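**Student:** In the working numbering, the protein residues as written are 59 to 202.
In this text, a Cβ means the ideal position worked out from N, Cα and C, and glycines have one as well.
It should be emphasised that the depicted structure is a prediction, and the values quoted were computed from it without experimental measurement.
Written out as structure tokens, the structure is:
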């Protein structure tokens with residue numbers, strides 16, 4: 059007999075005997091709360107910041123850290139408490155909020171600069187996240 063399955067543990071003889079099916083190759087079980095290693099998280103967040111002006115598909119983000127999209131998304135969420143897409147959107151809105159303090163930038167130009175193709179989508183997303191439209195936010199920052 060090679061092994062007997064009991065619950066989710068495997069007991070028996072042979073290669074890998076006694077090892078939990080989810081364990082790492084070195085025999086240590088993964089830490090359930092662990093996420094992306096700090097260096098990988100920093101690399102992908104820098105990539106996001108440098109490329110907010112364009113689309114950032116999950117496949118691209120996962121390739122930055124040499125991981126499958128599924129595994130990357132899972133570990134990224136463990137590290138940041140939000141899925142990659144939501145993180146990117148929040149970074150876009152944070153960048154937009156900074157740009158809104160400069161009156162030289164139009165709202166349409168800001169929308170494009172932070173990766174929104176349509177100003178209307180930018181306005182709706184900005185309002186959903188901040189509670190104010192970009193115009194209202196800008197006016198509040200100016201003290202109007």
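Between which two residues does the alpha helix (DSSP H) harbouring residue 210 extend?
**Tutor:** Shown here, the chain extends from 59 to 202; a query on residue 210 therefore has no answer.
**Student:** The alpha helix (DSSP H) with residue 152 in it runs from where to where?
**Tutor:** On the chain shown, position 94 is the one that residue 152 refers to. It spans 142 to 157 - the alpha helix (DSSP H) in which residue 152 sits, taken as one unbroken run.
**Student:** Round the Cβ separation of residue 201 and residue 113 to the nearest angstrom and send it over; I've been treating them as touching at under 8 Å.
**Tutor:** In the chain shown, the residue the question calls residue 201 occupies position 143. In the chain shown, the residue the question calls residue 113 occupies position 55. Residue 201 to residue 113, Cβ: 36 Å. No contact.
**Student:** Going by C-alpha to C-alpha distance, which of 160, 178 and 153 sits closest to residue 111?
**Tutor:** Walking along the chain shown from the start, residue 111 turns up at place 53. Taking only the C-alpha atoms, the option nearest residue 111 is 153.
**Student:** Counting pairs of beta carbons, one from the region 129 to 136 and one from the region 90 to 106, are three or more of them closer than 8 Å?
**Tutor:** yes
**Student:** Three Cβ pairs or more, each shorter than 8 Å: is that satisfied between the region 178 to 185 and the region 147 to 163?
**Tutor:** Contact annotation: the region 178 to 185 touches the region 147 to 163, with at least three C-beta pairs closer than 8 Å.
**Student:** One question on the structure: do residue 192 and residue 165 come within less than 8 Å of each other, judged by their Cβ atoms?
**Tutor:** Looking up residue 192 in the chain shown gives position 134. Looking up residue 165 in the chain shown gives position 107. Closer than 8 Å, so yes.
**Student:** Do residue 187 and residue 146 have their beta-carbon atoms positioned less than 8 Å apart in this structure?
**Tutor:** Residue 146 sits at position 88 when you count from the first residue of the chain shown. Residue 187 sits at position 129 when you count from the first residue of the chain shown. The Cβ-Cβ distance between residue 146 and residue 187 does not fall below 8 Å.
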